[in-house]
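To convert, take the position in the sequence shown, counting from 1, and add 123; that gives the working numbering. Even glycine gets a Cβ: it sits at the ideal position worked out from N, Cα and C. Please read all numbers here as calculations on a predicted model, not as lab measurements. For reference, the structure discussed in these notes is given below.
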Amino acid sequence: MNKNLLTMIRMCFTIVGVLSVFFGLCAGDIYVVDTTTNKTIDQFPDLPALFGPTLPLAGFRGLVYYVTPHKACSVPVAPPNLANYTGLWIALVSRGNCSFVDKVLNVQRAGYGAVIVHNVGSNAVEPMSADHGADNVIIPAVFIGQDDAIMIVENFLYDTGYKLVITDDLPFNLQNYLLPFAITIGICFLVMLTFMIVKCVRDYRRSRRHRLSSRALKKLPIHKFKKGDPYECCAVCLEDYVDNDKLRVLPCAHAYHCKCIDPWLTKNRRVCPVCKRKVFTGDERPSDLDTDSDDESSPLINSDSGTQGGTFAQQRENPFQAAARLSEERRQRRRRRRPSRNIESGPEGYQRLADSTDDSDSSSESEREEGEAEQVEGEEKEKGDVEQGRQTQNQDTAKSG
124 MNKNLLTMIR
134 MCFTIVGVLS
144 VFFGLCAGDI
154 YVVDTTTNKT
164 IDQFPDLPAL
174 FGPTLPLAGF
184 RGLVYYVTPH
194 KACSVPVAPP
204 NLANYTGLWI
214 ALVSRGNCSF
224 VDKVLNVQRA
234 GYGAVIVHNV
244 GSNAVEPMSA
254 DHGADNVIIP
264 AVFIGQDDAI
274 MIVENFLYDT
284 GYKLVITDDL
294 PFNLQNYLLP
304 FAITIGICFL
314 VMLTFMIVKC
324 VRDYRRSRRH
334 RLSSRALKKL
344 PIHKFKKGDP
354 YECCAVCLED
364 YVDNDKLRVL
374 PCAHAYHCKC
384 IDPWLTKNRR
394 VCPVCKRKVF
404 TGDERPSDLD
414 TDSDDESSPL
424 INSDSGTQGG
434 TFAQQRENPF
444 QAAARLSEER
454 RQRRRRRRPS
464 RNIESGPEGY
474 QRLADSTDDS
484 DSSSESEREE
494 GEAEQVEGEE
504 KEKGDVEQGR
514 QTQNQDTAKS
524 G
């Protein structure tokens, strides 16, 4: 989100910079204004002279007159005397035959308020410099190309109803440019804001799919650890289990301290830290949750072997209950097979007792062997139950998929 905000800020600064450069390039041009409607008709690029005064902040406005002689190497003809006009006059002068300073000084002596010197045989706009006499120049001067001068002479002289404006300000209505600019900025801002909102919502939903909700966490069974249970230590904190420790049993039959596994499931990912299988509850389906492909943190198992349907779905017996049940069954079988002994008096009784003792010893030895065989058989059966449970999980997941 911070990157998107920085991108939007940079884009705004870029647009403002481009417009600033545009406005800067437009400043100082010569504009043709209709004296009746006061609207800008045309504009011509110019370059101010390197000598003489700068253009006033309010700009220079006046009627243009193409002086005679055109090169103004001598004092030209004074501007026309028009009735009801008391404004300034701008002299249009051709380049050549004398220095720029001489041209400007001659026009200045004739009574003009500004000078426009045009190029000859080229449309290039060049800076006008001075070697001597520039201290006496008191009127501004600018330089334009030849085609622009021809356009002014043919269409915008003093008797056509147009004035020329030489100014550093923009003589047009800024609202015509600022309104589209504001609309463009507003649209860009709304698009960026919409993009960020959609991205935040998608990230939030994705994080919810990756994490286990508190309501789903309460559906996972809790077992109090007792001595003899099949697990010895927590794979998260690596501490041994002690009696009455609360263990959270995941659908994959792995158990952890509640204080260790609960934050992992609710704040990190809803997967088992050991086998990396995702944790689902009974009312959830794998297809309703995360459908992203396996990444580098996913377990290196076949994608077809998913998790089982849920904690309360049909699954194998809890490992703690299975261990307790098998232990109790072995204890009961040993009690049923223990023989009763009756001691009789007399030599025959002692002989019978000795015989029965021998038989008992041999029987005890055989019982021990049988018990060990049953214990091995029980362990193999337990392992078979575990393997069968895993196969059942895989089958349930394949059906649900």
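Simplified DSSP assignment, three categories, for residue i
| i | result |
| --- | --- |
| residue 252 | coil |
| residue 191 | coil |
| residue 237 | strand |
| residue 78 | No answer is possible for residue 78: it lies beyond the span of the chain, which begins at 124 and ends at 524. |
| residue 381 | helix |
| residue 184 | strand |
| residue 243 | coil |
| residue 197 | coil |
| residue 163 | strand |
| residue 598 | The question about residue 598 has no answer, for the chain in this structure spans 124 to 524. |
| residue 230 | helix |
| residue 170 | strand |
| residue 370 | strand |
| residue 205 | coil |
| residue 211 | strand |
Neighbourhood of residue i by C-beta distance below 7 Å, restricted to the same chain and skipping five residues each side
| i | result |
| --- | --- |
| residue 362 | 356 |
| residue 217 | 193, 194, 241, 243 |
| residue 477 | Confidence at residue 477 is low in this model, with a pLDDT of 49, below 50, so its placement is unreliable and the value that follows should be read with caution. Nothing listed; no residue qualifies. |
| residue 256 | 224, 228 |
| residue 189 | 215, 276, 280 |
Cβ-based neighbour list, residue i, same chain, cut-off 6 Å, excluding 5 preceding and 5 following
| i | result |
| --- | --- |
| residue 223 | 251 |
| residue 284 | 158 |
| residue 253 | 174, 224 |
| residue 165 | 155 |
| residue 348 | 364, 368, 370 |
| residue 279 | 155, 285 |
| residue 392 | 333 |
| residue 201 | 233, 234 |
| residue 211 | 185, 236 |
Residue burial classification, residue i (beta-carbon count within 10 angstroms, cutoff 16)
| i | result |
| --- | --- |
| residue 400 | buried |
| residue 209 | exposed |
| residue 112 | Given a span of 124 to 524 for the chain in the structure shown, any question on residue 112 remains unanswerable. |
| residue 268 | buried |
| residue 231 | buried |
| residue 456 | exposed |
| residue 327 | exposed |
| residue 416 | With a pLDDT of 43 at residue 416, under the threshold of 50, the modelled position of this residue cannot be trusted; read the value that follows with caution. With fewer than 16 other Cβ atoms within 10 Å, it is exposed. |
| residue 376 | buried |
| residue 306 | exposed |
| residue 324 | exposed |
| residue 185 | buried |
| residue 350 | exposed |
| residue 282 | exposed |
| residue 310 | exposed |
| residue 180 | exposed |
| residue 366 | exposed |
| residue 374 | buried |
| residue 371 | buried |
| residue 213 | buried |
| residue 270 | exposed |
| residue 169 | buried |
| residue 265 | buried |
| residue 258 | exposed |
| residue 394 | buried |
| residue 314 | exposed |
| residue 378 | buried |
| residue 167 | buried |
| residue 226 | buried |
| residue 99 | As shown, the chain starts at 124 and ends at 524. That puts residue 99 outside it, with no answer to give. |
| residue 343 | buried |
Nearest-angstrom Cβ-Cβ length linking residue i and residue j, presumed shorter than 8 Å
| i | j | result |
| --- | --- | --- |
| residue 396 | residue 358 | 6 Å |
| residue 177 | residue 286 | Not quite, the Cβ-Cβ distance comes to about 21 Å (not below 8 Å), so this is no contact. |
| residue 320 | residue 187 | Contact doesn't hold; Cβ gap of about 57 Å is too wide. |
| residue 289 | residue 182 | 6 Å |
| residue 360 | residue 380 | 6 Å |
| residue 262 | residue 237 | 6 Å |
| residue 331 | residue 389 | Contact flag wrong, Cβ pair sits at about 11 Å. |
| residue 215 | residue 172 | Not really, about 15 Å apart at Cβ, beyond 8 Å. |
Other residues of its chain near residue i: CB distance less than 8 Å, five sequence neighbours each side excluded
| i | result |
| --- | --- |
| residue 220 | 194, 196 |
| residue 229 | 195, 196, 197, 198, 199 |
For the region 319 to 354, list the beta strand (DSSP E) runs that are entirely contained and at least 3 residues long, ordered along the chain.
345 to 347
Scan the region 255 to 314 and note each continuous beta strand (DSSP E) run of 3 residues or more that stays entirely inside, going in chain order.
264 to 267, 285 to 289
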